[in-house]
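*Asks:* Going by the UniProt record's numbering, the sequence shown opens with residue 1, and the numbers climb by one from there.
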Amino acid sequence: MKQDQGILLESGTNELEIVEFGIGNNRFGINVIKVKEILNPHPVTKIPHSHKSVEGIIEIRGEVVPVVDVAHALGFSPSENPKQDKFILAEFNKTKIVFHVHTVTQIHRISWEQIEKPNKMYQGLETQITGVIKMDEDMLLLLDFEKVVADINPESSINAEQLRELGQRERSQKKIMIAEDSGMLRAMLQETLSEAGYENTISFEDGKEAYEHLEDLLDEGKTIEEEYQLIITDIEMPRMDGHHFTRLLKNHSDLSQLPVVIFSSLITDDLRHKGEIVGADAQVSKPEIVELVKIIDHHIL
1 MKQDQGILLE SGTNELEIVE FGIGNNRFGI NVIKVKEILN PHPVTKIPHS
51 HKSVEGIIEI RGEVVPVVDV AHALGFSPSE NPKQDKFILA EFNKTKIVFH
101 VHTVTQIHRI SWEQIEKPNK MYQGLETQIT GVIKMDEDML LLLDFEKVVA
151 DINPESSINA EQLRELGQRE RSQKKIMIAE DSGMLRAMLQ ETLSEAGYEN
201 TISFEDGKEA YEHLEDLLDE GKTIEEEYQL IITDIEMPRM DGHHFTRLLK
251 NHSDLSQLPV VIFSSLITDD LRHKGEIVGA DAQVSKPEIV ELVKIIDHHI
301 L
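1) To which residues does DSSP link His108 through a beta bridge?
2) Assign His298 to buried or exposed, taking buried as 16 or more other Cβ atoms, counted over all protein chains shown, within 10 Å of its Cβ.
3) Assess contact between the stretch 254 to 261 and the stretch 224 to 238, defined as three or more Cβ pairs (one per stretch) separated by less than 8 Å. Is contact present?
4) Threshold first: 4 residues or longer. Then list the alpha helix (DSSP H) segments lying entirely within the stretch 138 to 221, N to C.
5) Near Ile235, what residues of its chain come up, given a Cβ to Cβ distance below 7 Å and the 5 sequence neighbours on each side ignored?
6) By the 10 Å Cβ neighbour count, where 16 or more other Cβ atoms means buried, how is Lys34 classified, buried or exposed?
7) Where does Glu137 land, buried or exposed, given buried means 16+ other C-beta within 10 angstroms?
8) Mapping DSSP to helix, strand and coil, what is Ser79?
9) Exposed or buried, Asn81, counting other C-beta atoms within 10 Å across all chains shown (16 or more means buried)?
10) So for Ala90, helix, strand or coil by DSSP?
11) Report the option in Ile178, Ile202, Met237 and Glu37 whose CA atom is closest to the CA atom of Asp144.
12) Starting from the C-beta of His102, find all residues in its chain whose C-beta is less than 6 Å away, skip the five residues before and the five after it, and write them out in chain order.
13) Can you grab the Cα-Cα spacing for the pair Val149 / Ser157, in whole Å?
14) Compute the distance between the beta-carbons of His108 and Ile18, then report whether it is under 7 Å.
15) Leaving out five residues on either side along the sequence, give the residues of the same chain with a beta carbon under 8 Å from the beta carbon of Ile110.
16) Is it buried or exposed for Asp269, if we count other Cβ within 10 angstroms and need 16 for buried?
17) How many Å lie between Met184 and Ala71 at the Cα?
18) Identify, in the order they occur along the chain, each residue of the same chain with its Cβ nearer than 6 Å to the Cβ of Arg186, setting aside the five sequence neighbours on each side.
19) Give every residue of the same chain whose Cβ lies closer than 7 Å to the Cβ of Phe245, excluding the five residues on either side of it in the sequence, and list them in chain order.
20) Can you check the stretch 214 to 291 for any beta strand (DSSP E) of at least 3 residues that lies completely inside it and give the ranges in chain order?
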């Protein structure tokens with residue numbers, strides 16, 4: 001099954017499509033935008049001394065791609081019917097990865113509003129779940145694939161060491177809002193921006209929470225330009241995604257002047273136009289933190 005680009009939804013509608021897959025009896029989901037192709041299992045070439053969750057590598061149309069055993073990464077038992085397993089070829093963070101799963105069942109079209117944030121009882125900073133979708137009488141869990149990959153290869157995530165190329169930085173009093181659902185990435189982004197001189201950051205777990213905060217400030221009579229000088233938003237977030245959040249900001253008479261930078265693993269040549277349609281001032285692919293800092297400098301220094 002090859003991903004049909006025509007399936008992509010109009011920008012800013014707060015909708016998405018989820019590919020449902022299974023690990024044992026557990027149901028999970030991945031955003032269809034990340035999925036390039038669903039494949040039957042290929043013979044895998046093992047790599048000595050690789051991470052235990054990496055099965056090895058395969059070649060797909062001339063490209064060598066790593067294969068991640070999702071069951072192992074999540075601590076589940078191996079497949080009982082390996083011949084029936086599926087490979088999900090995904091692309092995000094400008095990288096292609098194959099995720100080895102047990103079943104791929106169907107595609108669901110849903111609203112981000114249907115996705116609940118994980119409850120605090122089971123949502124530590126290290127959680128691999130970014131959302132819970134109630135489906136029928138069951139639940140489907142949205143996996144934080146960036147977290148899965150970062151656990152295997154920490155260098156694939158945001159790294160403050162990259163900022164060295166920017167040289168000595170001055171401290172800035174400018175205030176930045178961050179909307180990012182991954183607890184791990186929120187912490188890393190705030191820490192890295194602090195290293196770059198931007199210590200004055202406030203983060204929110206999704207676009208809805210961030211937007212309601214801005215509306216509350218307006219209701220209190222505050223001037224938004226004095227409260228925040230720039231907004232950084234992810235795309236994939238429960239309740240309200242970054243495209244919808246950006247569209248609301250740019251269509252609001254009192255918020256439209258705020259620079260909005262979309263910082264997401266989904267910034268690709270095929271998807272960049274979606275951010276342009278909703279009015280984003282800039283778009284940066286994770287984990288390109290140096291490019292993000294340069295864009296922040298351009299907009300608020």
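Every residue, glycine too, gets a C-beta built ideally from N, C-alpha and C.
Given the structure is predicted, the values throughout are model-derived calculations rather than measurements.
*Replies:* So, from the data block:
1) Mapped onto the sequence shown, residue 108 falls at position 108. Paired residues: Ile18.
2) Working through the sequence shown from its first residue, we reach residue 298 at position 298. Burial call: exposed.
3) yes
4) 145 to 152, 183 to 195 and 207 to 219
5) Numbered from 1 along the sequence shown, position 235 holds the residue referred to as residue 235. For Ile235, where only same-chain residues beyond five positions count, the Cβ hits under 7 Å are Asp241, Gly242, His243, Ile262, Ser264 and Leu266.
6) In the sequence shown, counting from the first residue as 1, residue 34 sits at position 34. Flag for Lys34 reads buried.
7) Here residue 137 refers to the residue found at position 137 when the sequence shown is read from its first residue. Exposed, by the Cβ-count rule.
8) As a working mapping, residue 79 is identified with position 79 in the sequence shown. Reduced to three states, the DSSP call for Ser79 is coil.
9) Residue numbering aside, residue 81 sits at position 81 when the sequence shown is read from its first letter. Exposed, since its Cβ has fewer than 16 Cβ neighbours within 10 Å.
10) As a first step, residue 90 is located in the sequence shown; it is residue number 90 there, counting from the start. In the structure shown, Ala90 adopts extended strand secondary structure according to DSSP, grouped into three states.
11) Taking the sequence shown and counting its residues from 1, one reaches residue 144 at position 144. Asp144 has its Cα closest to that of Met237, out of Ile178, Ile202, Met237 and Glu37.
12) The count along the sequence shown starts at 1 and reaches residue 102 at position 102. Excluding positions up to five away in sequence, the list reads Gly22, Ile23, Ser79 and Asp85.
13) As a working mapping, residue 149 is identified with position 149 in the sequence shown. As a working mapping, residue 157 is identified with position 157 in the sequence shown. Distance between the alpha carbons of Val149 and Ser157: 8 Å.
14) Residue mapping note: residue 108 aligns to position 108 of the sequence shown, counting from 1. Residue mapping note: residue 18 aligns to position 18 of the sequence shown, counting from 1. Going by C-beta atoms, His108 is nearer than 7 Å to Ile18.
15) One-based indexing of the sequence shown puts residue 110 at position 110. Result list for Ile110: Glu15, Leu16, Glu17, Ile18 and Ile133, in chain order.
16) Position 269 of the sequence shown, counted from the first residue, corresponds to residue 269. Asp269 comes out exposed.
17) Taking the sequence shown and counting its residues from 1, the one referred to as residue 184 is at position 184. Taking the sequence shown and counting its residues from 1, the one referred to as residue 71 is at position 71. Approximately 21 Å between the Cα atoms of the pair.
18) Counting from 1 along the sequence shown, the entry for residue 186 is found at position 186. For Arg186, where only same-chain residues beyond five positions count, the Cβ hits under 6 Å are Glu180 and Ser203.
19) For the purposes of this step, residue 245 is taken as residue 245 along the sequence shown, with counting starting at 1. Result list for Phe245: Ala179, Gly207, Ala210, Tyr211 and Thr233, in chain order.
20) 230 to 233, 260 to 264 and 282 to 285
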